[in-house]
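*Asks:*
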Amino acid sequence: GYSEEEMLKLSHPDLCFPDFVQSASYKAMWTNLLAGQKFQNKIERKNARGERVWFEATYIPIIREDTVVGVAKIATDITRREETVHDFASGLKSMATNLKEHSSVGKTRSEALLELVKSITKESNENTDTLHDLQTEAQNIHGIINTINGIASQTNLLALNAAIEAARAGDAGRGFSVVAEEVRKLSSRVEEAIKEVEKSVNGITQEINTISSGTERVEAKVEESQEVLILSLEDFSQIESASTALDQNAGAFTKMI
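Residues in the sequence shown are numbered consecutively from 824, following this note's numbering.
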């Protein structure tokens, strides 16, 4: 601080920063003091090292015969308290800024993830439609197999009847008998082939049903994830709003001090 000798050589503006001395507030303070009005407030001043210091000060006009002949000042140094409060306010504002930035980033990433989930849901729905079409086609193939199987059975029955008739006809029916035998063999081969095809189609149908079941479970999980993401976005929005309010409160707190 200043020594007593230094203080005696200084005028009041020397203890203040230039921007305050040139302000309307400074002029108003002295105008009111010279009019006999007391001034009491928190004030910012400059110490001997040019550093900012804070005081809780009261300026009291000394009046003699209705004339202000001097001003008495009572001041308490609150610099340490002020610096602590300012640091706290600054930290509060910094926390609010960081919170807002992180919530904004989280919100952006959640929105991107939500779009991805929507895309997956769309593709999953398309896949489900494709699987349903495959199931329908598999059922149609089963119908065709049953029809062919019926035709093969009828052909086999006709070949058997032809063989019986050829046997009754004796030598005259031998050629007919040979043809009937070949038809019967062909019918048997068709039946065997049909069984193999049916076996393959059954396997494919089973796989389709398994995939379809799994796809439905995936769809359910995707929809659940989508709902969770929407809730997360709402949470991020609330955090962002809270951080904005925190930032505003920190700013208001800074102005108050």
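Even for Gly, the Cβ is constructed at its ideal location relative to N, Cα and C. All values reported here derive from a predicted model rather than from experimental measurement.
Glu1063 and Lys930: beta carbons closer than 8 Å?
*Replies:* Yes; because the gap between Cβ atoms is below 8 Å, this pair is in contact.
*Asks:* So, with DSSP's three-state summary, where would you put Phe840?
*Replies:* Three-state DSSP puts Phe840 in coil, outside helix and strand.
*Asks:* Look at the Cβ atom of Thr881, then the Cβ atom of Gln863, and state whether they are nearer than 8 Å.
*Replies:* Yes, they are a contact pair.
*Asks:* Between Glu934, Asn948, Arg1040 and Ser976, which lies nearest to Ile1053 when the distance is taken from Cα to Cα?
*Replies:* Among Glu934, Asn948, Arg1040 and Ser976, the Cα nearest to that of Ile1053 is on Glu934.
*Asks:* So Ala871 packs on Gly824, CB below 8 Å; how close in whole Å?
*Replies:* Sure, about 6 Å apart at Cβ, within 8 Å.
*Asks:* Could you give the distance in angstroms between the alpha-carbon of Gln1061 and the alpha-carbon of Glu924?
*Replies:* Taking the straight line from one Cα to the other gives about 13 Å.
*Asks:* First and last residue of the alpha helix (DSSP H) that includes Lys850?
*Replies:* Taken as a continuous stretch (DSSP letters only), the alpha helix (DSSP H) holding Lys850 covers Ala847 to Leu857.
*Asks:* For the alpha helix (DSSP H) containing Glu874, list its first residue and its last residue.
*Replies:* Careful: Glu874 lies outside any alpha helix (DSSP H) and carries neither H nor E.
*Asks:* What ranges does the beta strand (DSSP E) occupy inside the segment 871-946, keeping only unbroken runs of at least 3 residues that lie completely in it?
*Replies:* With a minimum length of 3 residues, the continuous beta strand (DSSP E) runs that stay inside the segment 871-946 are 875-887 and 890-900.
*Asks:* When the Cα atoms are used, what is the spatial distance from Thr854 to Phe878?
*Replies:* Each residue's Cα considered, the two are about 21 Å apart.
*Asks:* Please report the straight-line C-alpha distance between Ser917 and Asp900, rounded to a whole angstrom.
*Replies:* Computed Cα separation, rounded: 27 Å.
*Asks:* Keeping to the same chain, check which residues put their C-beta closer than 8 Å to that of Leu833; ignore five residues upstream and five downstream.
*Replies:* Within the same chain, Leu833 has close Cβ partners Tyr825.
*Asks:* Taking the C-alpha atoms as reference points, what is the distance between Ala847 and His835?
*Replies:* Taking the straight line joining both Cα atoms gives about 16 Å.
*Asks:* Taking the alpha carbon of Ala1043 as the reference point, which residue from Asn948, Leu980 and Ser1011 has its own alpha carbon closest?
*Replies:* When each option's Cα is compared against that of Ala1043, the closest is Asn948.
*Asks:* Give the straight-line distance between the Cα atoms of Glu906 and Glu888, rounded to the nearest whole angstrom.
*Replies:* Rounded to whole angstroms, Glu906 to Glu888 spans 42 Å at the Cα level.
*Asks:* Would you verify that the beta carbon of Thr931 is, or is not, closer than 8 Å to some beta carbon of chain C?
*Replies:* No chain C is part of this structure, which consists of one protein chain only.
*Asks:* Does the distance from the CB of Asp1070 to the CB of Thr920 come in under 8 Å?
*Replies:* Going by C-beta atoms, Asp1070 is nearer than 8 Å to Thr920.
*Asks:* Starting from the C-beta of Leu856, find all residues in its chain whose C-beta is less than 8 Å away, skip the five residues before and the five after it, and write them out in chain order.
*Replies:* Phe862, Tyr882, Pro884, Val891 and Val894, listed in sequence order.
*Asks:* Cα separation between Gly914 and Glu827?
*Replies:* So the two alpha carbons sit approximately 38 Å from each other.
*Asks:* Is Gln863 helix, strand or coil when you go by DSSP?
*Replies:* Three-state DSSP puts Gln863 in a strand.
*Asks:* For Gly973, which of helix, strand or coil comes out of DSSP?
*Replies:* Looking at Gly973 - three-state DSSP - the assignment turns out to be helix.
*Asks:* If you reduce the DSSP assignment to three classes, tell me which class Leu831 lands in.
*Replies:* Leu831: helix per DSSP, three-state reduction.
*Asks:* Exposed or buried, what is Ile866 when buried is set at 16 or more other beta-carbons lying within 10 Å of its beta-carbon?
*Replies:* Classification of Ile866: buried, given that the 10 Å Cβ count is 16 or more.
*Asks:* Can you check whether the CB of Leu831 is closer than 8 Å to the CB of Lys869?
*Replies:* Contact flag unset, no.
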